[in-house]
Structures are given as structure tokens and as C-alpha cells.
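Worksheet: one structure, shown below.
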């Protein structure tokens with residue numbers, strides 16, 4: 001039995017801390033050895049919890065002797081340099097989205113990794129590990145509903161601060177549907193359009209919440225996304241795939257039914273999860289277990305999102321932000337996919 | 001086009017009034033011509049609503065020239081004499097349950113009708129006309145779930161007055177499951193046992209609410225019935241049929257889903273009907289339309305419950321009441337079915 | 001009790017025949033007295049069934065002494081002249097959609113009726129009488145989900161002939177969502193855009209099936225409609241209303257659950273209705289009963305769609321057809337609503 | 001960070017092998033160090049998979065230096081001696097049901113452990129770790145549905161060999177409902193009755209499949225259990241709790257809905273899990289993680305089933321087997337619960 005994978009976690013805000021805890025209590029073969037956070041006190045607190053040591057500098061953490069792999073949960077603005085440092089050292093990295101904050105820098109990461117000749121950058125699109133998405137992907141691939149034609153996505157959050165503007169709704173929320181659409185349909189998105197209805201009273205001035213985002217894929221399929229991040233309700237993520245011979249919908253959350261008397265009459269009811277941690281807890285654990293299993297042999301999980309997926313997500317979101325501004329269809333141009341060194345065209 | 005069927009409605013308490021209104025506003029080919037009620041004022045009020053005249057005596061109503069058929073919604077204690085009067089005159093009658101209040105009298109009605117040589121007595125077991133029960137019956141008969149082995153019934157009411165004791169729970173509530181079991185399984189019930197758990201705090205002293213009633217059929221199949229008439233919630237009637245090759249459950253009430261924030265977190269929910277009128281409104285309308293269609297040619301609806309069904313229900317309920325007392329299995333003996341005069345054995 | 005309303009049914013293709021049968025067997029207070037159809041043999045056949053006489057000319061039928069009201073189920077191209085003839089005689093008319101086949105003619109009908117000073121033209125938008133739509137409208141109006149912001153509609157048919165092109169998908173199918181959106185949101189549609197994905201292999205060349213249609217209302221709310229008329233599955237009509245404080249979805253069809261073994265593993269399942277008759281049978285009966293009740297006193301059902309609703313539907317569909325061509329947002333201009341003569345502004 | 005817990009797995013048939021794999025690939029802080037199985041070849045095969053060594057004798061395995069805790073998945077007949085050996089050495093043990101194969105021996109285990117003064121025996125009732133059961137328990141304890149009055153359990157298996165007789169249906173299948181009832185209601189079962197309907201054609205001669213089992217608790221609450229182990233469908237475990245102020249049902253399996261055309265018409269459908277591994281995979285992982293976490297400090301998981309729970313299950317099943325024979329109500333007498341040495345009454 002090999003020793004546990006020693007992992008440096010960079011950034012221990014809510015997500016990083018949750019990942020560090022998962023790695024150190026629910027994932028086999030992993031050990032959090034090093035914690036870095038801009039806020040050193042927070043780093044120390046989490047390090048104590050998970051039995052790790054603290055590093056005061058992220059690059060020292062990446063290059064430390066007791067680090068075999070890196071999990072990046074720091075702010076998006078520093079992802080580029082941290083991922084590049086991991087590539088430089090050649091150790092596996094699991095990077096929360098976004099890969100980087102711009103198309104050119106994201107493409108540069110893709111190209112740098114291609115020169116390595118092997119994939120070591122994985123993106124934290126956890127829905128690819130959610131049992132419902134996996135089952136939907138298998139159903140599509142089985143041919144049971146025929147060729148997919150349409151995807152309808154609903155993505156709703158209970159609430160968000162006033163800083164969470166229309167652009168962030170694309171970059172931080174719809175980005176998941178970008179990856180889901182590419183994952184389920186197996187092709188690239190070539191254009192984006194955004195429809196902006198009258199906003200909810202809960203939205204700050206100037207923020208278009210909700211919005212309807214339409215993706216158009218290379219094969220001409222359409223994806224509709226309702227993004228609504230201040231519903232006041234809970235976390236709702238539902239996806240319907242409409243194929244030539246059938247359709248499938250998941251994310252319904254009907255795990256149990258309770259019947260009670262209510263003020264307006266008797267109801268049957270079930271709970272809606274509060275947030276994404278509740279909804280995707282299993283997906284996160286599976287994602288981390290699969291990544292650890294792969295990273296122990298120096299690679300990334302074959303069913304995870306890779307650097308190209310991260311780059312494509314950045315590019316589509318960029319177009320989405322532009323589409324908010326214009327109201328028109330905005331095209332996405334990814335360019336050709338770099339060929340990894342020493343390996344023939346995939 | 002024949003003239004509308006002229007109907008006398010006997011008893012216009014809640015059910016009778018509802019029937020009179022249905023006949024005079026939602027059923028084709030029917031007209032309520034005469035109203036009788038022990039409470040003459042109430043009779044006059046309903047008569048005015050539906051454009052009928054009042055009769056002060058039920059037998060005068062049954063024998064009136066402007067009456068082609070009779071709907072009996074009077075108290076059970078007078079059903080026997082009113083049904084016999086209809087048989088005497090030979091006109092179709094739709095009688096709310098019970099057929100009569102005793103096994104011997106119920107059997108006497110069956111035998112009197114048999115001498116007529118044609119069926120003119122229909123029992124008001126409306127579930128036989130409910131689209132969900134009809135679909136379940138068709139599913140069973142199609143063989144899709146194989147031979148039925150078990151039936152699980154849930155019958156819950158929001159509340160009932162303190163007079164509604166354990167015996168009435170059998171005679172007035174479980175009587176519907178008696179008919180449902182006979183209808184869906186197509187055979188007689190040969191024994192009944194009643195289990196009495198600790199009662200709800202809402203039950204008056206000495207009343208066993210809820211109870212678990214077990215029917216055993218001639219072929220040895222089992223029917224479990226949860227009867228609970230003071231849930232404080234709403235009207236819940238669910239039935240599951242378990243067959244050798246599959247099962248089916250209906251009465252789930254999931255017509256729509258609403259998602260809202262609640263005090264204990266966000267919920268998805270749907271409404272539970274308040275009472276049997278809400279749940280079975282369609283069944284009542286269909287029952288009356290089918291009965292009117294049949295009565296216009298002097299008979300009863302072939303898909304309705306007949307006098308024998310009414311008699312069997314009385315006999316099983318009688319055994320059920322005895323089973324409450326003893327806690328043991330109580331057998332039901334229906335005797336042989338009378339052969340209608342002038343007609344070969346059915 | 002007044003005599004039954006004597007109704008002329010014009011056009012007895014599938015819909016007209018279904019209506020004639022409903023009126024003569026499931027609706028109280030109605031009688032089909034006259035049948036007209038371009039195909040005289042078909043007219044005779046239906047007339048025999050429902051006990052009516054045949055008229056060889058639609059205008060003779062409209063003006064016949066034994067006709068109190070008219071139901072128009074003839075081809076859309078003759079609706080204008082038939083509705084105008086009813087207006088001319090001043091008798092109530094229930095007209096299947098479309099009101100007429102052009103904006104100007106539809107507006108002319110509205111204006112002609114306005115001069116009468118009372119509403120006698122009702123449109124056959126039956127969903128307004130469907131219990132689920134009525135419940136959704138009540139839920140919205142109760143404020144339980146707050147101000148509606150978005151409507152998501154799915155409208156799928158099992159199949160359609162090759163003649164059923166993209167334009168007909170708007171005029172014959174999406175027209176129902178036009179009325180539903182106006183009914184549920186209580187305001188006019190001011191613009192339409194159509195997105196056309198790659199078509200299903202089942203679609204004839206040049207037909208965009210499915211399509212995503214986006215309505216924008218006067219208040220800036222958005223309605224998304226998936227119209228897909230060759231799914232090969234069944235009839236699926238689902239609607240989700242997303243409000244500021246909650247959401248509701250209906251049309252889920254989960255009336256019962258059957259569990260069986262299947263070739264690919266065990267499944268729980270339920271039936272999807274084959275077509276709109278199965279799905280909306282109750283709505284049609286309620287629509288006709290409500291219309292008959294109203295027509296007996298010379299008017300239309302207050303909860304039905306009126307001539308203005310018919311005109312608005314024509315105008316929005318016209319814009320929808322233009323939107324298919326351009327791919328862009330097309331505005332709808334209804335003009336001001338005519339004020340009925342002798343009545344103050346509504 | 002402490003070293004991983006070194007675990008001996010005794011018995012690597014289907015369950016033991018699954019547990020060994022879970023411990024060595026999905027549970028943090030655990031390592032399978034020793035494998036024992038009666039079939040030495042099978043032991044060697046699993047040991048190679050999980051990186052453990054083989055022991056040829058179970059007691060040598062229990063007492064080995066590289067063993068900190070023991071998981072027993074061997075046949076029930078040897079549980080007694082293996083659990084006692086663990087108690088003798090004083091190391092934590094997770095024992096699959098049954099605790100032992102007789103009431104007296106089970107009680108002896110309870111008493112032996114009581115003398116130790118601390119709990120080190122945990123029973124493998126995994127449903128206590130299933131998120132749905134945990135949520136139901138929390139719901140009950142929250143008071144949201146009031147005091148529970150009834151529990152309805154459905155327990156169905158796709159198929160079982162002919163050796164699986166009525167007695168085994170109680171001991172191996174209903175035993176889970178025994179524990180669920182005690183877990184959810186928090187009290188002991190005082191009597192059992194078994195109703196035996198006509199059997200499915202798939203049952204071997206003399207085997208009563210399905211059966212209806214009724215438990216009566218100390219407080220007079222009733223539990224109905226449908227046990228049906230040859231449905232030909234899949235694995236269905238559903239539980240409904242009926243309280244004084246509401247009810248809750250779970251185990252519905254509605255994770256996603258697929259709509260397709262079928263031979264008998266279009267259906268919406270979802271998958272039923274094939275067996276208990278699919279249904280309770282998460283519960284097993286959570287159970288093992290929780291046990292490992294507790295065993296690392298020498299104890300058992302506080303939310304797991306303890307030796308007394310194992311003893312009570314044996315006693316109730318014994319009564320259940322007797323109840324099959326008599327058809328009557330059979331009482332259960334557990335005696336008083338032993339007080340652990342050195343600790344005051346719990």
C-alpha cells in the first residue's frame with residue numbers, strides 16, 4: 001500500500017476549508033500536509049484542524065518536499081500563477097474554477113501543459129462526479145433518448161450579496177452550466193445570447209437577476225439556462241435533456257415526502273437544499289477521491305474536467321458577459337486544440 | 001332525443017344536496033323533479049335551487065308521476081324501506097351506502113331484486129368511477145403486474161366528531177375499502193381482523209383511531225387498510241396493488257409542485273385535498289352521468305356497484321365490527337348468490 | 001328550468017365532432033340542434049349520432065329558428081365570416097382558434113363586437129378551464145409565489161404530418177402558450193424572438209422542429225417556450241411559473257406509479273397521455289358547460305377567452321412567424337382596445 | 001495525525017469483500033491489514049486486492065499484532081465465538097447481523113460486554129447511516145409530525161434462491177425492519193404477528209412469500225411490514241411514519257425522470273435499484289467511516305447499533321419465526337438491560 005498523497009491546499013476560505021476537511025476525514029489515501037492562505041491566522045486554524053503545517057507563501061507550498069499534489073481554492077486572480085507553478089514543478093493540481101481570469105491566460109495554461117505531454121491540471125467542476133449527472137451522461141450515451149437536441153437548465157440560489165452582479169452571475173454561476181452542456185453534449189459552444197427580463201425586487205439596481213442565457217453548440221443544439229441567484233428559496237439545480245427519442249430530467253430532489261397541515265391547507269412536501277454544499281456534498285467527496293486516486297500515480301481523473309475544459313469555460317463566459325452588454329448573439333472562437341508533445345493528435 | 005330523466009332525490013343533507021346540484025348543472029339528460037327531506041325547510045331550499053318541487057313523504061316521491069328514477073341519500077336506517085319501495089314500483093334507484101343496516105335486510109333486498117329479473121338497484125360506491133381506480137382496474141386486468149397478491153390501502157380524514165366511533169370507522173369509512181378490494185380483486189372477502197394501536201390524542205376516550213384492518217379474500221390474498229380519521233391533515237386515499245410481476249400505487253395527488261421558503265427551510269410542496277368532495281368530485285359526476293344514461297333505459301350502470309355489492313359490503317363491515325371487539329380473525333359468510341328469475345346463472 | 005340551449009355546430013372534423021358529442025352527452029342544459037359541415041355526408045353521420053338535423057349552408061345554420069348559439073370548429077379561413085354572421089344575428093358563439101387568419105380581420109371582429117355593447121364571442125382556449133391552470137392562476141393571484149418574473153413552457157406532441165411546418169407550429173401550437181402567458185401574467189406580449197436549433201431527424205426538410213420561442217411582456221417579463229411537435233413520445237404540456245418569492249410547476253402527469261421489470265432493469269413509471277384530447281378532456285367539458293351556462297343568458301363565460309384575447313393571439317403569432325424568418329426580436333403592436341358602445345371604459 | 005486503523009476482515013463473501021474494498025478505497029484512516037475466510041483461496045484473492053495479508057485462523061486474526069479492530073462478515077453461526085474473542089481481547093468489532101443465532105447466546109454477548117464497562121460491539125445495521133433514515137429520525141425527533149403512531153414498511157427483493165424460506169425471510173430480511181422500527185420509534189417491540197397470504201407462483205412449495213408482519217411496541221404502536229423477496233422487479237425499501245400531526249414517507253427513489261415511448265404507450269419512468277448494495281452504498285460507506293473514526297479511539301459509533309440492539313433483533317426475529325408457525329400474536333420478552341460495570345445506570 002503506497003503512502004497517502006500529501007496535498008497542499010492553497011486558500012482556505014469556505015471552499016478550501018471544506019475540501020481540506022473532506023480530504024482529511026472522508027477520502028482514502030490522502031493527507032493534507034500544507035495549508036496556505038493569504039490570511040495566515042485562518043491558515044493556522046484550518047491547519048490545526050486537519051493536522052497540517054502552514055506555509056506563508058503559496059509557491060513555497062507548491063514546491064515543498066512534503067507536497068505531492070496541490071488543491072487551489074484561492075481567488076481566481078491568482079490561479080494563473082499558481083497553476084503555472086504546479087506545471088513548472090510537474091505535480092498534479094486540482095484548481096477550482098476559473099482556470100484563469102482571461103482567455104489568453106487560460107489558453108497559455110493549456111499550451112504550457114500540452115508541452116508537458118501529460119495532463120496534470122484538473123478543474124473543480126464537481127457536477128461531473130454527481131451521481132445524477134453521471135447517470136444522465138450514461139443515459140445519453142446509451143442512446144436511450146436518441147440524439148440530444150435541447151438542454152434546459154435551471155440554476156437558482158437562495159441569495160447573494162449586492163456585489164454579485166450580472167457579470168458574476170455568468171462567470172461564477174452559469175460557468176457550471178457551460179461545463180455541464182459541454183460534458184453532456186460532448187461538443188463546444190459556439191455562440192451565446194442573453195435575455196434580460198425585469199429584475200426581482202431583491203436585485204440591486206443595475207443587476208439583471210434573473211436572466212435567460214442561450215448557448216448554441218457547434219452542432220446547432222440549443223441550451224437554455226435560467227440563472228436566478230436571489231430567489232429567497234434554496235439551491236435548485238435542475239437539468240432536462242431533450243433528445244430525438246425521449247427526454248430526461250434530474251435534480252428534482254424528491255427524496256422523501258412529508259404530509260402536514262399548513263396555514264393554507266394540508267400539504268405534502270419535501271426539503272430543498274439550502275446551498276451547493278448540501279446538494280453536491282457527495283459529488284465533492286467523489287471528485288476528491290477520484291482525483292487523489294489519479295494523483296497518486298501523477299495524473300488527473302479521466303472523468304474530470306481538464307485544462308481545455310477550463311479554458312473553454314473561460315471563453316464562453318467571456319462571450320456571455322459581452323452578450324449581456326449587447327443583447328445579441330456573441331460568437332465564441334476557441335481556436336484549435338493544442339496537440340500534446342510526444343503524443344499524436346487525440 | 002328522449003326527454004330528461006326525472007329524478008326524486010330523497011335526503012338533501014350534504015351528500016344529497018351535492019348530488020341534486022350535480023344532476024341539475026353538470027349531468028346531461030337529467031332533471032331533479034322532486035325533493036324529499038325529513039327537514040321540510042331544507043327540502044324547500046334545495047328544491048328552489050334546482051327547480052324541483054317538494055314532496056312531504058318519501059313514498060309519495062318514489063311513486064310520483066313525474067319521477068322516473070330515485071336517488072337515496074337519506075340516513076341508512078331508512079334505506080331498506082325506500083329501496084324496497086323503488087323495487088316495488090320497478091324504477092331505477094341509486095342508493096348511497098349502506099344498502100341497509102343489517103345483513104338480513106340487505107340480503108332481502110338482493111333477493112327481492114333477483115325476483116324482478118333485472119338489476120335496478122345501484123350502490124353509491126363512487127370510487128368505481130374514479131379515473132385512477134378505473135385505470136388501476138384496467139392495469140390489473142391487462143396482466144401487466146401479474147396476479148395481485150396484496151392490496152395496501154390508506155384512508156385518512158382530517159377530522160371527525162366525537163360521535164364517530166370505532167364501529168363507524170368500519171361502517172362509514174372502511175366500507176369503501178371493502179368495495180375497492182372486491183372491485184379490484186374481483187372476489188369476495190372471507191375474513192377480517194382488526195389491529196388496534198395506541199390511539200391518537202385527538203381520539204375521544206374508547207375510540208381506536210387509527211386502526212389496521214386486514215381482509216383475507218377467498219383466494220387467500222391479503223388487504224391491509226390503515227383507517228385514521230383524525231389526522232388533522234386532509235383527505236388521503238391511497239391504494240397500492242402488489243402483483244406477482246409488479247405493483248402500482250395511486251392516490252398520490254402530485255398534480256403540481258410549488259417551491260417556496262418555509263420557516264424550517266425551503267420546501268417543494270403540493271396540496272392535499274380537504275375532503276372527499278374535492279378528491280372525488282369527478283368520480284361523483286361520472287357516476288351520476290353513467291347512472292342517468294343507464295336509468296333512461298330502465299337499468300343500472302354496468303360498471304357500478306349492484307345490490308349484491310351492497311349486501312357484501314354490509315356483511316364484511318358487520319364482521320369488521322365484531323373483529324374490533326374480539327381482536328381475532330372473524331369469518332364472513334355471504335351464502336350463495338340468488339339467481340335472477342328468468343335468467344340463467346350468471 | 002329553461003329549455004336546453006339549442007346549438008349549431010359548424011364543422012365536425014375531429015374537434016367539432018368531439019364537441020358535438022360532449023354537448024350531447026356530458027353537458028347539462030345543451031342540445032345540438034343543427035350540424036353543418038362542408039362534407040355533407042360527415043355532417044349527416046354526426047347529426048344522426050347526436051340527434052340533430054343537418055343544414056347544407058353555414059349561414060342558414062347560424063340564422064335558423066332552432067339555433068340559440070353557435071360553436072365554430074370549421075377551418076380557420078372561414079372563421080371571420082362565420083363569427084361576423086353570429087355577431088350580425090347577435091347570438092353567442094364559441095369559436096375555436098384562430099379568431100381569424102389575419103390581424104386586420106381579427107381586429108375588425110373585436111370592433112364589430114364592441115359596437116354591440118356586450119360580449120358574445122368566446123375563443124376556444126380550453127386551458128383556461130383546465131383545473132391545473134386554474135389552480136396556478138389562483139396561486140399566482142394569491143401572492144404565494146410573489147410577482148411572476150419568468151414562465152417556462154414545454155409543449156410537445158408525439159407526431160404531426162409533414163405539412164405541419166414551422167409557421168404552423170407557431171399558429172396552431174404555440175398559440176396556446178400565447179394565451180396561457182397572457183392568462184397567467186395578465187398582460188400583453190410586446191415582442192417575440194425565435195431560436196432554431198438543429199432539427200430532429202423526424203422533421204421534414206426545412207422545418208425547424210423543435211424551436212425555442214421567447215416572449216417579452218409589456219412589464220418586461222420573459223416567457224420561454226419549447227415547441228417540439230415530433231417527439232415520438234406523447235403529449236406533454238408543462239408550465240413553470242417563477243416568481244419573486246417562489247415557483248410552481250404543473251403538467252407533471254404523475255397520477256400513479258407502476259413498478260415493473262424492464263429490459264434494461266426495473267423501473268417505476270407512469271403514463272404520458274397520447275394527445276390533447278386525453279390531457280384536456282376535462283377542460284373541454286368544463287369549457288363547454290361554462291359556455292352553455294353563460295350562453296343560456298345570452299353572453300360568454302367570464303372566465304373564458306374573449307374576442308380581444310383571440311385578436312391578441314393572432315397578432316402575437318403573426319410576429320412569431322416573422323421572428324422565425326428574421327431570427328431577431330419582432331415587436332407586437334396591438335393598438336388600443338376598443339371601448340364597448342354604451343359602456344364606460346373597463 | 002494518527003496512523004490508519006488496521007482492520008481484520010473475517011469472511012470475504014459478497015458482503016465482506018465489499019466492506020474490505022470500501023475500507024481500502026473510500027474510507028479515511030483505515031487499512032485492511034488481515035483477511036480471513038474459510039475459503040483460503042478467496043481470502044488470498046481479496047487480500048491481494050486490498051494489500052492485506054492472509055490469516056488461516058480467525059482467532060489468530062483477531063489477536064494479531066497488526067490488528068486494531070475487527071469486521072465480522074462470516075456466517076452467522078460463528079458470530080458468537082468471533083465476537084466473544086474480540087471482547088476477550090477488548091478491541092472494537094463491527095459485526096454483521098445477526099449478533100448470534102440464538103436469544104441466550106446473544107444475551108450472553110450483551111452481558112459479557114457490560115462487564116467490560118464500555119461498548120466495543122457494533123452491529124451492521126447500515127440503515128441507521130442512510131441519509132433518508134437519518135432525516136426521518138430527525139424529522140420525528142423534531143416533533144414536526146407529532147408522536148408516531150404507525151410505521152408502514154415495504155421490503156422487496158428481486159429474487160432469492162429456493163433455500164430462502166419463510167424463516168429466513170424473518171431472520172435475514174425483516175430483521176432490518178426490526179432495527180428500523182426500534183431506531184425510529186425509540187422503544188422495544190413487545191409482540192409479533194404474521195399474516196400469510198397466498199404465495200407468489202415464484203415461491204417454492206411451502207414458502208410464504210409475501211408475508212405481512214405486524215409488530216406491536218411497548219407503547220402500543222403498530223408496525224406493518226410487507227416482506228416479499230421474489231418480486232422479479234428490484235430492491236424496494238420504503239418506510240412511512242404516521243404521526244399524530246403528520247406523516248412522512250421515504251425510499252421513493254425518484255432521483256430523475258425519463259420520458260420515452262414504450263410498447264404500451266409513452267411513459268415517464270425512473271430506475272429501481274437492483275439490490276441493496278446499489279440502494280445502500282452510501283450508507284455502508286458512512287457506516288464504515290463512522291465506525292473507523294470511533295474505533296480509532298477504541299469505541300463504537302454513537303449513532304450505530306450496539307450489542308443490545310443486536311440482541312433485541314435476535315429476540316424479535318425468534319418471536320417472528322414462532323408467529324409464522326402459529327398465526328397468532330407472539331410476545332417478546334427481553335428481560336432487563338444489563339448495567340455496564342463501573343458505570344451508573346444509563
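Residue numbers (full-length UniProt numbering), protein chains in the order written: chain V, 1 to 346; chain C, 1 to 346; chain P, 1 to 346; chain H, 1 to 346. Even for Gly, the Cβ is constructed at its ideal location relative to N, Cα and C. Predicted model, so just to flag it, every value in this text is computed and none were measured.
- Only 259, 260, 261, 265, 266, 267, 268, 269, 270, 271, 272 and 274 from the region 254-278 of chain V bring a Cβ to less than 7 Å from some Cβ of chain C.
- Among the CB atoms of chain C, none fall inside 8 Å of the CB of residue 138(P).
- Contact annotation for residue 242(V) against chain P: 154, 156, 210, 226, 228 and 231 [CB-CB distance below 9 Å, chain order].
- Contact between residue 300(V) and residue 119(V) holds, since their C-beta atoms are separated by about 5 Å, short of 8 Å.
- Between residue 12(V) and the set 207(V), 144(V), 45(V) and 154(V), the nearest pair of CA atoms involves 45(V).
- At least one C-beta of chain C is nearer than 8 Å to the C-beta of residue 247(P).
- Listed by position along chain H, the residues whose Cβ is nearer than 8 Å to that of residue 239(C) form an empty set, because the closest Cβ is around 13 Å away.
- Beta-bridge analysis with DSSP links residue 270(H) to 268(P).
- The region 3-23 of chain H and the region 50-61 of chain H touch, with no fewer than 3 CB-CB distances between them shorter than 8 Å.
- Taken atom to atom, the span from the alpha-carbon of residue 59(V) to that of residue 276(V) is near 30 Å.
- Not a single C-beta of chain V is nearer than 8 Å to the C-beta of residue 131(P).
- No Cβ-Cβ contact shorter than 8 Å links residue 94(H) with residue 113(H).
- Residue 332(P) is not a Cβ neighbour of residue 313(P), given a cutoff of 8 Å.
- Residues of chain H with a Cβ closer than 9 Å to the Cβ of residue 145(V) are, in chain order, 258, 259 and 260.
- The beta carbons of residue 303(P) and residue 128(P) sit closer together than 8 Å.
- Here the region 144-161 of chain P makes contact with the region 226-233 of chain P; the two share three or more CB pairs at distances below 8 Å.
- Between residue 246(H) and residue 145(H), the C-beta gap is smaller than 8 Å, which places the two residues in contact.
- For the C-beta of residue 150(V), the chain P residues within less than 7 Å are, from N- to C-terminus, 197, 210 and 226.
- Taking the Cα positions, residue 206(V) is about 22 Å away from residue 215(P).
- Any Cβ of chain H closer than 8 Å to the Cβ of residue 202(C) would place that residue at the interface, and such an atom is present.
- The Cβ-Cβ distance between residue 217(P) and residue 188(P) falls below 8 Å.
- Taking C-beta atoms as the reference points, residue 315(V) and residue 103(V) count as a pair closer than 8 Å.
- At least one C-beta of chain V is nearer than 8 Å to the C-beta of residue 222(P).
- Its chain contains 129 as the residues whose beta carbon lies nearer than 6 Å to that of residue 286(V), once the 5 sequence neighbours on both sides are disregarded; these appear in chain order.
- The straight-line gap separating the alpha-carbon atoms of residue 168(V) and residue 250(H) is approximately 38 Å.
- The beta-carbon of residue 111(V) is placed no less than 8 Å from the nearest beta-carbon of chain C.
- Neighbours of residue 219(C) across chain H, judged by C-beta separation under 7 Å: 198.
- By the Cβ neighbour-count rule, residue 270(P) is buried, with 16 or more other Cβ atoms within 10 Å of its own.
- Looking at the DSSP output, residue 153(P) bridges to 225(P) and 239(P).
- The shortest CA-to-CA distance from residue 4(C) to any of 279(C), 321(C), 33(C) and 22(C) is the one to 33(C).
- In this structure, DSSP gives residue 320(V) a helical state, which the three-state scheme calls helix.
- Distance from the CA of residue 228(H) to the CA of residue 283(P), rounded to the nearest whole angstrom, comes to 41 Å.
- Annotation for residue 110(C): 307, 308, 311 and 338 place their beta carbon closer than 7 Å to its own, counting only its chain and skipping 5 residues before and after.
- Taking the Cα positions, residue 179(V) is about 31 Å away from residue 253(P).
- Every unbroken stretch of the alpha helix (DSSP H) spanning 4 or more residues and falling wholly within the region 85-127 of chain C is given here in chain order: 103-116.
- Across the region 177-194 of chain H, no CB contact with chain V closer than 7 Å is found for any residue.
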